[in-house]
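Which chain is which? The protein sequence lines are U and D, in order. Take any residue in the first sequence, count from 1 to its spot, add 10: that is its number in my numbering. Take any residue in the second sequence, count from 1 to its spot, add 139: that is its number in my numbering. We put the beta carbon where it would ideally sit given N, CA and C, even for glycine. Quantities reported herein were computed from a predicted structural model and do not represent experimental measurements. Reviewing the structure listed below.
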Amino acid sequence: MSRFASASDAELVRGCRAGEQEAWNELVERYSRYVYAIAVRGFRLSEEDAEDVFQDVFTRVYTRLDSLRDDSALRPWIAQLTRRRCLDAIAARREVTAEELAEEGSTDLTDVEEAFEVREALATLSGNCQDILDRFFARDQSYKTIADELEIPSGTIASRIARCLGRLREQLEGRNPAGEGSRE
Amino acid sequence: MTRINDEERLGVLLRILRPAPRGWVEAAQELPGARRTFDEIVSRAEADLAFRAALVDDLEQALAAEGYEPDRRLLDEIRARLDES
Numbered sequence: 011m012s013r014f015a016s017a018s019d020a021e022l023v024r025g026c027r028a029g030e031q032e033a034w035n036e037l038v039e040r041y042s043r044y045v046y047a048i049a050v051r052g053f054r055l056s057e058e059d060a061e062d063v064f065q066d067v068f069t070r071v072y073t074r075l076d077s078l079r080d081d082s083a084l085r086p087w088i089a090q091l092t093r094r095r096c097l098d099a100i101a102a103r104r105e106v107t108a109e110e111l112a113e114e115g116s117t118d119l120t121d122v123e124e125a126f127e128v129r130e131a132l133a134t135l136s137g138n139c140q141d142i143l144d145r146f147f148a149r150d151q152s153y154k155t156i157a158d159e160l161e162i163p164s165g166t167i168a169s170r171i172a173r174c175l176g177r178l179r180e181q182l183e184g185r186n187p188a189g190e191g192s193r194e
Numbered sequence: 140m141t142r143i144n145d146e147e148r149l150g151v152l153l154r155i156l157r158p159a160p161r162g163w164v165e166a167a168q169e170l171p172g173a174r175r176t177f178d179e180i181v182s183r184a185e186a187d188l189a190f191r192a193a194l195v196d197d198l199e200q201a202l203a204a205e206g207y208e209p210d211r212r213l214l215d216e217i218r219a220r221l222d223e224s
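In structure tokens, the structure reads:
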């Protein structure tokens, strides 16, 4: 495991500025799903356009890291870069108006933001829980595939998923005690 | 953050952040090396007029002749830089 795996965003940024390849690898790993989800789910880009946006966003992050004023504000900065590039890509295709896109995109991006926070909570669970929840939900693997690849009885998969989901929920509740932090 | 008490909702949120294609992630992770290659090629082109002329004449062939194997994005960037100067 990379020594930056549990680093804060600010530590990652400092590592990247110092030219540490491991820090950059972790930054890309940490935000790759986020950028991808904004492009594909939020803005419904084609895979071809999404790939261009994806690479361009990380190129900009890498080349403009010195312009980031608050090292801990990496996520909103990446989100902003990605949104802008998605809108550019769509404008270039002239498929729909920018107004329609903004409305559609903003609704879905709320989910993406929430999903990112769930993944942050997921990262605090055991490796086994992270793995099984990711395989089942994010990678669409069947019980059989999970059982085969993890070499565990397929009859225990459902209960393991339920148990890990329960732990994830507890973790989220612990981060967010009643009455605090709600966006509602 | 929004309070999440519903495990069904958790499942929905876990499905949103799907893995990006592995090749995209690896290409992004290789950016530092690609940037070094870009900087090196641009520096050489600025210092060596013959090299620059070769790049303008046939970018891919000139780079291949020098042992570079840039991807499409890097080629586009070098082309843009040559057009600027």
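CB contact below 8 angstroms: residue i versus chain D
i	result
THR117(U)	Model confidence at THR117(U) stands at a pLDDT of 46, short of 50, so the residue's coordinates are unreliable; what they give is reported in the following sentence. Output row for THR117(U): interface = no.
GLN31(U)	yes
LEU178(U)	yes
ALA15(U)	no
GLN65(U)	yes
GLU124(U)	yes
PHE147(U)	yes
THR92(U)	no
LEU175(U)	yes
ASP121(U)	yes
Exposure label - residue i; buried when at least 16 CB within 10 Å
i	result
ASP19(U)	buried
VAL71(U)	buried
GLU61(U)	buried
SER42(U)	buried
VAL195(D)	exposed
LEU149(D)	buried
LEU202(D)	buried
GLU36(U)	buried
ALA167(D)	buried
LEU188(D)	exposed
GLU147(D)	exposed
ALA89(U)	buried
CB-CB length for residue i against residue j, believed under 8 angstroms
i	j	result
PRO209(D)	TRP34(U)	At roughly 19 angstroms, the Cβ-Cβ gap does not stay under 8 angstroms, so PRO209(D) and TRP34(U) are not in contact.
VAL122(U)	ARG179(U)	Not confirmed; about 20 angstroms, so no contact.
ASP66(U)	ARG95(U)	5 angstroms
GLY29(U)	ALA17(U)	Their Cβ separation, rounded to whole angstroms, is 15 angstroms, which puts GLY29(U) and ALA17(U) out of contact at 8 angstroms.
GLN133(U)	LEU156(D)	Correcting the residue type first, residue 133(U) is Ala in the shown sequence and not Gln. No, ALA133(U) and LEU156(D) are not in contact; Cβ-Cβ is about 12 angstroms, not under 8 angstroms.
Neighbour flag for residue i against chain U, beta carbons, 8 angstroms
i	result
GLU223(D)	no
LEU156(D)	yes
ALA193(D)	no
ARG175(D)	no
PRO209(D)	no
ALA167(D)	yes
GLU185(D)	no
GLU146(D)	yes
Check whether residue i and residue j have beta carbons under 8 angstroms apart
i	j	result
VAL38(U)	THR92(U)	no
TYR153(U)	ILE167(U)	yes
ALA260(U)	LEU55(U)	Only positions 11 to 194 of chain U appear in this structure, which leaves residue 260(U) out of reach.
ALA157(U)	SER164(U)	yes
ALA125(U)	GLN181(U)	no
THR176(D)	LEU213(D)	yes
ASP81(U)	VAL23(U)	yes
TRP163(D)	PHE146(U)	no
ILE48(U)	LEU143(U)	no
LEU198(D)	ARG174(D)	no
(request) Could I get the ranges of all uninterrupted alpha helix (DSSP H) runs contained in the stretch 123-153 of chain U, with 4 residues as the minimum, in chain order? (result) 137-143
(request) Please go through the stretch 145-210 of chain D and give each complete beta strand (DSSP E) segment of 3 or more residues, from N-terminal end onward. (result) Here no run is fully enclosed.
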